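Colleague:
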Amino acid sequence: MVSRTIPSWVVNLYFDHAATTPPRPEARRALGRWLDAANASGVHTDAREARTAVEHAREQVAASIGATPHEIVFTSGGTEADNLAVKGVVWAATQHVHGVPHVVTTAIEHAAVLEPLNWMAQRHQITLTVVASQPDGIVDVDRVMAAVRDDTVLVAVMAANNEIGSVNDVAGIARALADHPAVVHSDAVQMAATRPIDVAALGVDSLALSAHKFGGPQGVGIAYLRRGMAIDPLLHGGGQDRGVRSGTFATGLIAACGQALATASTEQPTLDRRLRGYAQRLHDELTALPGVTRTGPVADQDRLASHTHLLLDGVDPDALALALDGARLAASGGAACTSGAAKASHVLAAIGAQGSPLRLTTGWTTTDAEVDRAVDVLLDLLPKLRGRTRSAAQALTTLTRIS
Ligand code: PLP
């Protein structure tokens, strides 16, 4: 029977926590409690009660990342938080800089950062410099600094990469920019599940988080915006959230987001240790197979504990995806999938990766037994897939499903 607090898809072998991780029980309770909240901007008693829940969540988030509540804005997710930061900073800057502002970013950013920047560059709102990553998926601080100019208004470097789990020295970049007026934005969406985030230690001006990556619900995110920084809104309307983000407060989602981050923050060190053990096991067992290598940095401190990213030589990506699905092992396979369409990964192109990618990501629901079973499935499946075509893999999938 399917558990009432864990979604059915987690009952399978779920190794796709970087895509979304199930909501924690505390977050589910907060969502349920505030799902039918009154409008938190109203003046009557029920509205003021809902507003209390929103402000409590804001305090939980602020306390979790070392910010003040005033610096927290709730968004519809990580995508909106990134868009708000990058567009909002540029649009605010155009009011006081002469000429077209310059922005620096990296080749391995999530589309939520790269796409708004490309969109603005195409419209001549910015000039854009995209800094290459090292082959291990880390962006070198000196290369970022070499790209910064006097007219640079924004430097956007992700804290940790969603595909390969490489961790960047954002604090080093912010330190190097201490005497430069450019805003430092970091997408920390993938980091919050396992690593503490301290905006002061990182030295960033803005930061994006997404609740469904740390045990909150989908459809709610966080923009940390340093007090006093100039930012234009993306959404114009009632100006509900600090004048920066209009729209009725999503009280239930926000309450669940605050609760999830508060819980995740207390559990990060133990979760990090546990997941690091799983990553080591997956690495050791699977890279013992011929033609299987791991991407990303070598040192533990430079990689997220949740991510094991493998490259499979001689394996067809479609065949891999089919076979994994047949074995009910949920992972990210041969292609990063957006809007249902398979698209080659710009991150893997940026690091020059060759072979079929397999991203296995773990999270708070992952168990030792689940890792054991995943290792067994993969040790059986991967050698069979080498050199197979998609249709041959389809036959294999059928066999796997019924066996
Ligand atoms: N940034 C990174 C690094 C991500 O991994 C994701 C989601 O996959 C996002 C941004 C977008 O977050 P959301 O799904 O909440 O819009």
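Each number in the numbering used here corresponds to the 1-based position in the sequence shown with 227 added.
We treat Cβ as the ideally placed atom computed from N, Cα and C, and that holds for glycine.
What you are looking at is a predicted structure, and each value in this text was computed from that prediction instead of being measured.
1) Does at least one heavy atom of the ligand PLP sit under 7 angstroms from the Cβ of M385?
2) How big is the Cα-Cα spacing for V270 and A289?
3) Relative to the alpha-carbon of A387, which residue among L537, H412, A374 has its alpha-carbon at the smallest distance?
4) Relative to the C-alpha of R285, which residue among V300, T272, V447, D273 is closest?
5) Using a Cβ-Cβ cutoff of less than 7 angstroms, which residues in the same chain neighbour L436 once the five nearest sequence positions on both sides are dropped?
6) Please specify which runs of the alpha helix (DSSP H), each continuous and at least 4 residues long, are wholly inside the segment 382 to 431, giving them in chain order.
7) For the ligand PLP, any of its heavy atoms closer than 7 angstroms to the Cβ of G304?
8) Check whether the segment 346 to 356 and the segment 323 to 335 are in contact - that is, three or more C-beta pairs closer than 8 angstroms.
9) What's the call for V525, buried or exposed, on a 16-neighbour Cβ count within 10 Å?
10) Taking 7 angstroms as the line, does the beta carbon of S437 fall inside it for any heavy atom of the ligand PLP?
11) Which residues in the same chain as V317 place their Cβ atom closer than 7 angstroms to its Cβ, once the five residues preceding and following it in sequence are excluded?
12) Please list, in chain order, all residues of the same chain as A265 whose beta carbon is under 6 angstroms from its beta carbon, the five residues on each side excluded.
13) On the DSSP letters alone, give me the boundaries of the beta strand (DSSP E) that P584 sits inside.
14) Can you determine whether any heavy atom of the ligand PLP sits closer than 7 angstroms to the C-beta of N389, and answer yes or no?
15) Consider the C-beta atom of A339 and the heavy atoms of the ligand PLP; say whether any pair is separated by less than 7 angstroms.
16) Taking the alpha-carbon positions, what's the P610 to L556 distance?
17) Distance, Cα to Cα, A246 vs N389?
18) Identify every residue that forms a DSSP beta bridge with D468.
19) Indicate the three-state DSSP secondary structure (helix, strand or coil) for S268 in the structure shown.
20) Should G448 be counted as a contact of the ligand PLP given a C-beta to heavy atom distance under 7 angstroms?
21) Grab the span of the beta strand (DSSP E) containing S492 for me, first residue to last.
22) Hey, would you say the C-beta of D414 is under 7 angstroms away from at least one heavy atom of the ligand PLP?
23) For V519, which residues does DSSP report across the bridge?
24) Got a sec, what are the start and stop residues for the beta strand (DSSP E) T356 sits in?
25) According to DSSP, simplified to helix, strand and coil, what is S303?
26) Say the cut is 7 angstroms; is the CB of D243 nearer than that to a heavy atom of the ligand PLP?
27) Could you name the residues that DSSP lists as bridge partners for T593?
28) Can you check DSSP and say which residues form a bridge with S559?
29) Can D309 be considered in contact with the ligand PLP, in the sense that its beta carbon sits closer than 7 angstroms to one or more heavy atoms?
30) Straight-line CA distance for A571 to Q349?
31) Mark R454 as exposed unless 16 or more other C-beta atoms lie within 10 angstroms of its C-beta, in which case mark it buried.
Modeller: So, to answer that:
1) The nearest non-hydrogen atom of the ligand PLP is less than 7 angstroms from the C-beta of M385.
2) Spanning the two alpha carbons is a distance of roughly 25 angstroms.
3) Nearest C-alpha to A387: H412.
4) R285 has its Cα closest to that of V300, out of V300, T272, V447, D273.
5) Excluding sequence positions up to five before and after L436, its CB lies within less than 7 angstroms of the CB of G305, A308, A415, V416, A419, G448, I449, all in the same chain and listed in chain order.
6) Fully enclosed alpha helix (DSSP H) runs of 4 or longer: 397 to 403, 426 to 429.
7) Because some heavy atom of the ligand PLP lies under 7 angstroms away, the Cβ of G304 counts as near it: yes.
8) Counting C-beta pairs with one atom in each stretch, the segment 346 to 356 and the segment 323 to 335 have three or more that are closer than 8 angstroms, which means they touch.
9) Around the CB of V525, fewer than 16 other CB atoms lie within 10 Å, so the residue is classed as exposed.
10) Yes, since a heavy atom of the ligand PLP falls inside the 7 angstroms radius drawn around the Cβ of S437.
11) By the criterion of a C-beta distance shorter than 7 angstroms, V317 is surrounded in its chain by P328, V330, M347, Q352, I353, V380, L381, once the five residues flanking it on both sides are discounted.
12) Taken in chain order, the residues that qualify are D273, A274, A277.
13) 583 to 588 is the extent of the beta strand (DSSP E) around P584.
14) Yes, Cβ of N389 sits closer than 7 angstroms to a heavy atom of the ligand PLP.
15) At least one heavy atom of the ligand PLP falls within 7 angstroms of the beta-carbon of A339.
16) The straight-line gap separating the alpha-carbon atoms of P610 and L556 is approximately 16 angstroms.
17) Each residue's Cα considered, the two are about 8 angstroms apart.
18) DSSP lists R472 as partners of D468.
19) If DSSP states are grouped into helix, strand and coil, S268 belongs with coil.
20) Because some heavy atom of the ligand PLP lies under 7 angstroms away, the Cβ of G448 counts as near it: yes.
21) No beta strand (DSSP E) contains S492, which is instead part of the alpha helix (DSSP H) from 478 to 513.
22) Taking non-hydrogen atoms of the ligand PLP into account, the C-beta of D414 is found less than 7 angstroms away from one of them.
23) Residue pairing for V519: DSSP places it in a beta bridge opposite L539.
24) Counted as a single uninterrupted DSSP element, the beta strand (DSSP E) harbouring T356 occupies residues 354 to 358.
25) Note: S303 maps to coil in three-state DSSP.
26) Flag unset: Cβ of D243 not near the ligand PLP.
27) Looking at the DSSP assignment, T593 forms no beta bridge with any residue, so it has no partner.
28) As DSSP reads the structure, S559 sits in a beta bridge with R586.
29) Checking every heavy atom of the ligand PLP against the Cβ of D309, one is found closer than 7 angstroms.
30) Cα to Cα, the separation comes out at about 22 angstroms.
31) Per the 10 Å Cβ criterion, exposed.
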